[in-house]
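J.: Sharing a structure with you now.
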Amino acid sequence: MKTVSLASLFLSTILMACPLYAQSEPENTASLPLVAGSEKTHRAVDYVGGWAVTSNGKTIMEIQIEQTHDSKNPFAGFLSHPHLDITPKAFTKVHGPLVREEIIASRFFDDHLFFSTRDGLGARHDIEMWLDNNESASLNILDIAGIRWPITRTNSRAPFTLNWDINHVYTIDRPELPPNTEIIKLYHEVQPLKNTDEELAGSARIQRVKDIITQGKLHTAQDFNQAAYILNRSSRSEDALLAHSLAMAALANGDETAITTATNSLDHYLMLNGRPQIYGTCREGSAKNSPIKQPYDNSIIPETLRHELGAFEPIASLAPSTADKNLLPIEKSNETPGKEAVANTSPPTVKISHRKIPMGQPVVTKKIPAMPKKD
């Protein structure tokens, strides 16, 4: 059987092109990417030892790092894993045998360890690792954007099991982090307000939530959902779309109640762009039986799907759809829309992609220039 490894990470993407860094030229540590501006808090020796990415307590990827005392290539070791498909949060189609890749280049720069592995097909892959503390770290496969896995230190060789179920989805174990207390405070300040209005939500409050997002300080599904709730109070269409994305992140992290925020924020986004809402979640008042805001098109989402998405009321009990009235173009309401609703008569195209990256079969790679060294 042909041995295949991380090279297969780069076989396919959907709606997105995935840059490849597989190279066939001799090892050159100078080609590894650099980061700058981080404060040095760990030594190179702190990376030495065994590390593991786990799922439900099982080791699914192991890294063994040794120090060589060679200034040009200060680390050696290997990366091991079974054959599998990956997404940013889970592994699928996991099966043996194990694949082992040697570390063939390394560099320690600004508290981060950069190393490259060479697989059985001769393809090279660049990986970044940085310590969160002495017992846990983060792993970033530089060949693919969005791959960042938590990795924990092991006192000995991480035990592998080949008792994998190829039909099972193995979610990556992640450390339990406390919710963001500032988001909780902001949410409770906004939550009693009944109107979706930027003045009520507060532009300064909305900007603060955006700053927290940019700083990467949303940790839990609750954080993402509450941030989405706050941003959905804005009268700016881009804020409503960001709120929808945050609600989707909350769903991806296990908060099923975020479906309410996800459907409402998409309805809000559509209406701010002068289009009919499709779920009927935007209403004229705060009461549950308040009339649904128009325009509203109930012809897009079937009733059975509405139930799955948390819109439990039968379509027959809802306000009439403007789709039934054939209102083209959409009539202007008496309410003053946001600036985006006036400026844009049609919503921008939103492309939603899901990347599933196969591993376990040969890939055809192309050579691209190495990343230039940053000043």
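Just so we're aligned: the sequence shown equals residues -22 to -1, 1 to 353 in mature numbering (1 follows the signal peptide of the UniProt record, and there is no 0).
Beta carbons are placed, not taken as given, at the ideal position from N, Cα and C, and that holds for glycine.
(1) Is the stretch 56 to 76 touching the stretch 27 to 40 in the sense that three or more CB pairs, one from each, lie closer than 8 Å?
(2) Taking the alpha-carbon positions, what's the Val210 to Ala30 distance?
(3) Less than 8 Å between the C-beta atoms of Ala206 and Thr239, yes or no?
(4) Examine the Cβ distances between the stretch 229 to 239 and the stretch 266 to 279 and report whether three or more of them are shorter than 8 Å.
(5) Can you tell me which of the three DSSP states Ala218 falls into?
(6) Using 8 Å as the threshold, is the stretch 42 to 58 in touch with the stretch 77 to 89, meaning 3 or more CB pairs across them?
(7) If you check the beta carbons only, do Leu155 and Thr198 fall under 8 Å apart?
(8) Assuming Ile144 contacts Val72 (C-beta within less than 8 Å), just tell me the rounded distance between them.
(9) With residue 356 as the anchor, note down where its beta strand (DSSP E) starts and where it stops.
(10) Under 8 Å between the Cβ atoms of Ser33 and Thr130?
(11) So, with DSSP's three-state summary, where would you put Thr159?
(12) Between which two residues does the alpha helix (DSSP H) carrying Ile191 extend?
(13) I'd like the list of long-range same chain contacts for Ala221, defined as Cβ closer than 6 Å, with 5 residues on each side in sequence excluded.
(14) Could you have a look at Pro233 and say whether DSSP puts it in helix, strand or coil?
(15) Within the same chain, show all residues whose beta-carbon is closer than 7 Å to that of Gln42, passing over the 5 residues directly before and after it, in chain order.
(16) Name the residue from His146, Trp108, Asn141 whose alpha carbon lies nearest to the alpha carbon of Pro128.
(17) Would DSSP call residue 355 helix, strand or coil?
(18) Can you tell which of Ala225, Tyr257, Arg96 has the C-alpha that lies nearest to the C-alpha of Glu286?
(19) Return the chain-ordered list of same chain residues with a C-beta closer than 8 Å to the C-beta of Arg152, the five sequence neighbours on each side being excluded.
(20) Looking only at its own chain, which residues have a Cβ that is under 6 Å from the Cβ of Asn118, when we skip the five neighbours before and after it?
(21) Confirm the yes/no value for this check: CB of Trp108, any heavy atom of the ligand NAD, distance under 7 Å.
(22) Between which two residues does the beta strand (DSSP E) holding Glu106 run?
(23) For my contact list, Asn158 and Ile190 are in at a C-beta cut-off of 8 Å; report their separation, rounded to the angstrom.
(24) Does the Cβ of Arg96 have 16 or more other Cβ atoms within 10 Å, making it buried, or fewer, making it exposed?
(25) Please work out which residues of its chain come closer than 7 Å, Cβ to Cβ, to Glu80, disregarding the five sequence neighbours upstream and downstream, and give them in chain order.
(26) Would you identify the three-state DSSP class for Asn223, choosing helix, strand or coil?
(27) Taking only three categories from DSSP, how would you classify His246?
(28) What do you get for Gln204, buried or exposed, if any count of 16 or more other CB atoms within 10 angstroms of its CB means buried?
(29) Across which residues does DSSP place Trp142 in a beta bridge pair?
(30) Excluding the 5 residues preceding and the 5 following Lys67 in the sequence, name in chain order all residues of the same chain whose CB lies nearer than 8 Å to its CB.
(31) Looking at the secondary structure, which residues open and close the alpha helix (DSSP H) in which Glu262 lies?
T.: Working from what's here:
(1) Verdict: yes, contact present.
(2) Note that residue 210 corresponds to Asn in the displayed sequence, not to Val. Asn210 and Ala30 have their C-alpha atoms spaced approximately 39 Å apart.
(3) Contact flag set, yes.
(4) No: fewer than three Cβ pairs fall under 8 Å.
(5) Three-state DSSP puts Ala218 in a helix.
(6) Taking a cut-off of 8 Å for Cβ pairs, the stretch 42 to 58 and the stretch 77 to 89 touch, as three or more such pairs fall below it.
(7) Taking 8 Å as the Cβ cut-off, Leu155 and Thr198 qualify as a contacting pair.
(8) Sure, about 6 Å apart at Cβ, within 8 Å.
(9) Examination of residue 356 is not possible in this model, given that the chain is present from -22 through 353 alone.
(10) Not a contact, by the Cβ cut-off of 8 Å.
(11) Helix, per DSSP.
(12) Annotation for Ile191: the continuous alpha helix (DSSP H) segment containing it runs 181 to 192.
(13) Cβ within range, chain order: Ala206, Leu209, Asn210, Ser243.
(14) Note that residue 233 is Asp in the sequence shown, not Pro. Asp233 carries a coil assignment under DSSP once its states are collapsed to helix, strand and coil.
(15) The residues are Gly28, Gly55, Phe56.
(16) Ranking His146, Trp108, Asn141 by Cα distance to Pro128 puts Trp108 first.
(17) Here the chain comprises residues numbered -22 to 353, so residue 355 is not present and cannot be evaluated.
(18) Answer by Cα proximity: Tyr257.
(19) Contacts found: Pro128.
(20) The answer, listed in chain order, is Glu106, Arg126.
(21) For the structure depicted, the ligand NAD is absent and the ligand set is empty, with no information on it obtainable.
(22) It spans 102 to 109 - the beta strand (DSSP E) in which Glu106 sits, taken as one unbroken run.
(23) Their Cβ separation, rounded to whole angstroms, is 7 Å, which keeps Asn158 and Ile190 in contact under 8 Å.
(24) Using a 10 angstroms sphere on the CB of Arg96, the tally of other CB atoms reaches 16 or more, which defines it as buried.
(25) So the qualifying residues of the chain are Phe56, Thr95, Arg96.
(26) Position check: residue 223 holds Ser in this sequence, whereas Asn was assumed. The answer is helix: DSSP assigns Ser223 an H, G or I state.
(27) Helix, per DSSP.
(28) Label assigned to Gln204: buried.
(29) For Trp142, which the question treats as bridged, DSSP gives no partner whatsoever.
(30) These residues qualify, in order along the chain: Thr149, Ile150, Ala230.
(31) No alpha helix (DSSP H) contains Glu262, which DSSP labels as neither H nor E.
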